[in-house]
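Residue numbers (the working numbering): 15 to 286.
Every residue gets a Cβ at the ideal spot worked out from N, C-alpha and C, and that includes glycine.
What follows is a set of notes on a single structure, which appears directly below.
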């Protein structure tokens, strides 16, 4: 890589584009290899993904089954799941390449903060995916429960798998959102005041997410989903509040130092 010969990250636009091309190429190679591995893991993974529907049919006697309605449907389904597995399994590699591309342009302090964001976001994302997974059976049960008596619910397998993956990703990203708010604050793009001002909207959105996660009539389940998300939101607000205070103190100190240097006070002379 060109960065090895140029550790300071000072490159021309052409050099940056070449660096980006190389990292994208190797990331794509690893994702492709992961997709091949995912192809052979399809059967056990598919058994896990379809478990909510199978359990619903076995335990509650609901006439629901997954269906592949086209000639190429089975191939498309296996390919979609394989690509998803390939992207997930190789995420450490392509995330590293992304990190290696942007880190030379960051200061030491910014690198430390970015690493902190990554190490915080990953477990939060996995927690959101886990919560979505344990909530999925109730979600599927409620939706299929609208099936009229005397009819069968024949579910398109491709749509069901995409629906499941989408639910996992949405909940994972919902848990990462507080980290994104902190990152934007550290980048001086939003303030703690704006985050706190929007707390009613945030609580409403969280309530909607919790209602989707727990479509049953049990209010305790919805409450257990809402509490960690609301707590994460206000923890992010607290972190941004203290960061804004720290930034204001630093700016005030720089302002005083500038005024002292202009007026030529003894304090400025001592600092010189």
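The Cβ neighbour count for residue 146, taken over all protein chains shown within 10 Å, is at least 16; the residue is labelled buried. The closest CA to that of residue 208, considering only 156, 167, 254, 245, is found on 254.
Under the 8 Å Cβ criterion, the stretch 35-43 does not count as touching the stretch 122-129, having fewer than three qualifying pairs.
Taking the C-beta atoms as reference points, residue 151 is found no nearer than 9 Å to residue 58. Scanning its chain for C-beta atoms nearer than 8 Å, with the 5 sequence neighbours on each side dropped, one finds around residue 79 the residues 67, 71, 166, 167, 168, 169, in chain order. Note that the C-beta distance between residue 247 and residue 203 is not below 9 Å. Here residue 173 is exposed, its C-beta having fewer than 16 other C-beta atoms within 10 Å. Under DSSP, residue 79 shares a beta bridge with 168. For residue 91, the enclosing alpha helix (DSSP H) has its first and last residue at 87-103.
Just so you know, the alpha carbons of residue 240 and residue 215 end up roughly 14 Å apart.
In the three-state scheme derived from DSSP, where H, G and I count as helix and E and B as strand, residue 32 is classed as helix. Following the DSSP letters along the chain, one finds residue 162 in no alpha helix (DSSP H), marked with neither H nor E.
An exposed status is given to residue 225, since fewer than 16 other beta-carbon atoms sit within 10 Å of its beta-carbon.
A direct Cα-to-Cα measurement between residue 90 and residue 259 gives close to 53 Å. DSSP assignment within the stretch 165-252 yields the following whole alpha helix (DSSP H) runs of 4 residues or more, N-terminal first: 171-200, 206-211, 213-227. For the pair of segments examined, the stretch 93-104 was found not to touch the stretch 180-187: the number of CB pairs separated by less than 8 Å stays below three.
Between residue 195 and residue 135, the CB-CB gap reaches or exceeds 9 Å. Inter-residue distance for residue 109 and residue 277 is about 50 Å (C-alpha atoms, whole angstroms).
The Cβ-Cβ distance between residue 100 and residue 46 falls below 9 Å. When the Cα atoms are used, residue 264 and residue 256 turn out to be separated by approximately 12 Å. The straight-line gap separating the alpha-carbon atoms of residue 77 and residue 154 is approximately 13 Å. Counting along the chain, no alpha helix (DSSP H) covers residue 55, and no H or E run does either. Residue 131 is positioned such that its CB atom lies no closer than 9 Å to that of residue 92. The three-state reading of DSSP puts residue 61 in helix, counting H, G and I together. The C-alpha of residue 156 is placed about 18 Å away from the C-alpha of residue 171. When the beta-carbon positions are compared, residue 188 and residue 140 stay at least 9 Å from each other.
By the neighbour-count definition (other C-beta atoms within 10 Å, threshold 16), residue 116 is an exposed residue.
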